[in-house]
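Numbering (this note's numbering), first residue to last: 1 to 453. The beta-carbon is built from N, C-alpha and C at its ideal position, and this holds for glycine as well. All of these numbers come straight from a predicted model, not from anything done at the bench. Here the structure is laid out as structure tokens; the discussion comes afterwards.
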Ligand SMILES: [Zn+2]
């Protein structure tokens, strides 16, 4: 049994608009067992005996942050496509070229480095939206879940938890064009065969769980949506789906089905409390109503949406409709939960030319508890007794954060200001360094393996 007492200079506790000063956090193994804001008499400078053995956490300690939407291999494209012209669709061709080069070994090496980069940024749990299942041409590996197993192992090496959102990906377009070229690796043939493959996969280690995903209405025919939803129900698993990232998806869906992607999903039983719609950049007002009524969540990926020129989703309107918002770094143009969170507020400012749409505590919830919940980890994302012992400590004395009020970190800090990360009670990052992975070196090596010279 490992029992630790942490003394946070500031900690952001649940339901609090601002951080609380001088908080004693007690953990036993992977759980938080005590959270005690200290009175002035109990502060460390008062020399109270009880605190002699406590580990000091200077700065602001946050709960573990969740990255609810990731495609790990997209990290290999960072800085290689961003100066170019084009749009989402031309970027996608470059992404496919990287996908074509990956196998289970190279994907393990790349994902391990990417997940370790996430750990450095304060991310303690990732939702990997996984569709690169098969070998070249769509041939199955001897273990048909070899690529998923590589991702599970990568997360274990990097020290973070993972929900493998195994994506059903069957067609190339809303009107049912077959997969071709690099897309063949994504396909299982039909939703039943997808379900059979996923059903066989039970990841080792308590750090991982399996969820379901519908790649999009482009990739799963309407008559097969219910099969994926039924598998998620049967397993009580989260279900994620890319939704209305592009106006072209809405137009194609209306042309083929006479309804928006959101309505199509609703009519086939895909929307429910455990569903997360990823992006929801271009929903109609009726779509927002359907997401709200069904108690679905939405995962915003602002840095990717801006990078791919997708547009700005109606974040405040969706939050006002009661839709829980989570955050994802998606294509990993950057991996920085602070940048992701402040973009939710700042994008709304650009649209409305007014400030002050999201309270700092709402940004924290999106980056922590809501993200964990969207990934099926309902016991994480809060500094509260009974929750998992995930603690992310942000420096308040860096060149970016010096002089900042603790609640202001969402507008001042970057991933580089994360000093220490504890996941399930174990220190994973100390003094801004990952304890087991040389992250820059491993990223360079893994990306060199899978990108053209
Ligand atoms: Zn995505």
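Between the CA atoms of residue j and residue i - distance to the nearest angstrom
i           : j           : result
residue 377 : residue 102 : 29 Å
residue 322 : residue 297 : 9 Å
residue 11  : residue 23  : 6 Å
residue 444 : residue 305 : 25 Å
residue 235 : residue 40  : 49 Å
residue 291 : residue 132 : 28 Å
residue 148 : residue 215 : 16 Å
residue 116 : residue 256 : 42 Å
residue 393 : residue 38  : 18 Å
residue 224 : residue 318 : 28 Å
residue 113 : residue 210 : 21 Å
residue 108 : residue 204 : 15 Å
residue 157 : residue 354 : 44 Å
residue 309 : residue 53  : 51 Å
residue 4   : residue 389 : 10 Å
residue 142 : residue 191 : 20 Å
residue 16  : residue 364 : 10 Å
residue 14  : residue 430 : 25 Å
residue 254 : residue 391 : 45 Å
Heavy atom of ligand 1 within 7 Å of residue i beta-carbon
i           : result
residue 186 : no
Helix, strand or coil at residue i [DSSP, three-state]
i           : result
residue 301 : coil
residue 250 : helix
residue 166 : strand
residue 129 : strand
residue 241 : strand
residue 308 : coil
residue 274 : coil
residue 14  : coil
residue 439 : helix
residue 332 : coil
residue 139 : coil
residue 314 : coil
residue 181 : helix
residue 173 : coil
residue 215 : coil
residue 279 : strand
*Pairing CB atoms from the segment 407-426 with CB atoms from the segment 80-97, are three or more of them under 8 Å?*
no
*Taking 8 Å as the threshold, find out whether the segment 422-434 comes into contact with the segment 23-32 through three or more Cβ pairs.*
yes
*asked:* Tell me which residues pass a beta-carbon proximity test against ligand 1: closer than 6 Å to any heavy atom, given in chain order.
replied: Going along the chain, the residues that qualify are 69, 71, 129, 242, 278, 330.
*Examine the Cβ distances between the segment 395-406 and the segment 63-76 and report whether three or more of them are shorter than 8 Å.*
no
*asked:* Using a Cβ distance threshold of 8 Å, determine whether the segment 349-360 contacts the segment 382-398, with at least three qualifying pairs required.
replied: no
*How about the segment 120-138 and the segment 176-186: do they share at least three Cβ pairs that are nearer than 8 Å?*
yes
*Contact between the segment 282-289 and the segment 232-247: three or more CB pairs below 8 Å?*
Enough Cβ pairs lie closer than 8 Å, so yes.
*Should the segment 148-159 be regarded as contacting the segment 446-453, the criterion being three or more beta carbon pairs within less than 8 Å?*
no
*asked:* Assess contact between the segment 326-336 and the segment 115-129, defined as three or more Cβ pairs (one per stretch) separated by less than 8 Å. Is contact present?
replied: Verdict: yes, contact present.
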